[in-house]
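Going by the UniProt record's numbering, the sequence shown opens with residue 1, and the numbers climb by one from there.
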Amino acid sequence: MTNAFLKNFFQGLIIIGPIGLTIFVIWSVITSIDNIIPSVAREIPGLVFLSTLLLTALLGYLGNKFVVGRFFVDAVDRLLEKTPGIKHIYSPTKDVMSSFVGDKKKFSDPVWVKTNENPEIWRIGFLTQKEMADVEKHNYVAVYLPHSYAISGWVIITEEKNIKPVVGMTAASAMKFAVSGGVAGFHSDENIFKAPE
């Protein structure tokens with residue numbers, strides 16, 4: 001009876017854990033943004049957060065669709081990239097964010113990378129530089145290898161012959177497969193691993 005209770009308890013944790021963590025993270029983000037203007041947050045909870053979302057979307061729209069908006073965004077971009085001290089924070093943050101979202105996504109070319117010859121081991125990664133001739137690495141490429149269960153990874157430089165394109169998987173599915181440690185299947189809603197009954 002104790003074993004049955006513990007089994008069901010831990011099964012419940014598996015169900016409620018991700019849901020609870022997701023709600024906690026979303027709530028933390030909303031409340032932290034809401035508390036930028038505490039007086040408004042007390043009167044109308046969520047208004048500052050909603051206003052921030054709408055303003056961000058509006059800036060994105062104006063920055064992409066209108067010449068004046070694009071000119072303004074580019075001017076601010078150039079200023080921040082040339083300001084001493086600030087450029088060391090702004091430039092890497094911009095590069096990382098634009099790699100994942102927007103029109104200039106960098107992680108859009110999933111590849112298999114041979115990382116060991118004997119025994120033969122392949123890892124999934126994303127081709128980020130198709131040639132490295134500028135640094136005297138002819139016939140070499142740069143591949144980003146994401147870590148599982150973490151927002152991190154490393155870049156390796158390897159010969160072109162050691163990579164193969166990933167067939168039958170979108171870039172998003174490949175990232176999900178890599179970050180989940182291979183537990184997520186090759187399609188967005190498929191799981192390879194199922195917990196034993």
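The beta carbon of each residue, even a glycine, is placed where N, CA and C say it ideally should be.
Because the structure is a prediction, the values reported are computed rather than measured.
Taking just the CA atoms, how far does residue j sit from residue i?
i: K130; j: L13; result: 44 Å
i: residue 200; j: T170; result: Outside the displayed range of the chain (1 to 197) lies residue 200, so it cannot be described from this structure.
i: residue 221; j: G63; result: Since the displayed the chain opens at 1 and closes at 197, residue 221 lies outside it and no answer follows.
i: I37; j: L50; result: 13 Å
i: T2; j: F10; result: 12 Å
i: L79; j: S32; result: 28 Å
i: N35; j: Y90; result: 24 Å
i: N8; j: K176; result: 28 Å
i: L59; j: I16; result: 37 Å
i: E81; j: K87; result: 5 Å
i: S173; j: V167; result: 11 Å
i: T115; j: W122; result: 6 Å
i: P119; j: V67; result: 55 Å
i: L6; j: V183; result: 24 Å
i: P92; j: T22; result: 27 Å
i: A4; j: P18; result: 22 Å
i: K94; j: K137; result: 27 Å
i: E190; j: Y61; result: Residue confidence is low: E190 scores 47 on pLDDT, short of 50, so the model does not pin down where it sits. Its coordinate-derived value is still stated next. Taking the straight line joining both Cα atoms gives about 35 Å.
i: A57; j: V76; result: 18 Å
i: S188; j: I151; result: Its pLDDT being 49, under 50, S188 is placed unreliably by the model, and nothing is read from it.
i: G46; j: E117; result: 55 Å
i: D74; j: N139; result: 35 Å
i: T52; j: G20; result: 24 Å
i: I44; j: F24; result: 20 Å
i: K65; j: L54; result: 16 Å
Shortest alpha-carbon distance to residue i belongs to which of the options?
i: N180; options: Y149, N139, S32, L62; result: First, the residue type needs correcting, since residue 180 is Ser and not Asn in the sequence shown. Among Y149, N139, S32, L62, the Cα nearest to that of S180 is on Y149.
i: K161; options: L54, G168, V113, P92; result: V113
i: P165; options: E81, S152, S108; result: S108
i: G153; options: A172, A178, M132, K137; result: A178
i: M132; options: E120, W122, V155, T52; result: V155
Report yes if the CB atom of residue i is closer than 8 Å to the CB atom of residue j, and no otherwise.
i: V40; j: V48; result: yes
i: T158; j: V135; result: no
i: V111; j: I163; result: yes
Going by the DSSP bridge assignment, what does residue i pair with across the sheet?
i: E159; result: Y140
i: Q129; result: A142
i: K65; result: K65 is not bridged to any residue.
i: W122; result: K114
i: W154; result: L145
i: P165; result: V111
How about residue i: is its Cβ closer than 7 Å to a heavy atom in the ligand NAP?
i: K94; result: With respect to the ligand NAP, the structure offers nothing, as it holds no ligand at all.
Open item on the list: Check whether the stretch 144-156 and the stretch 118-129 touch, using three or more Cβ-Cβ pairs below 8 Å as the test.
Closed with: In short, these stretches touch, since the Cβ pair count reaches three.
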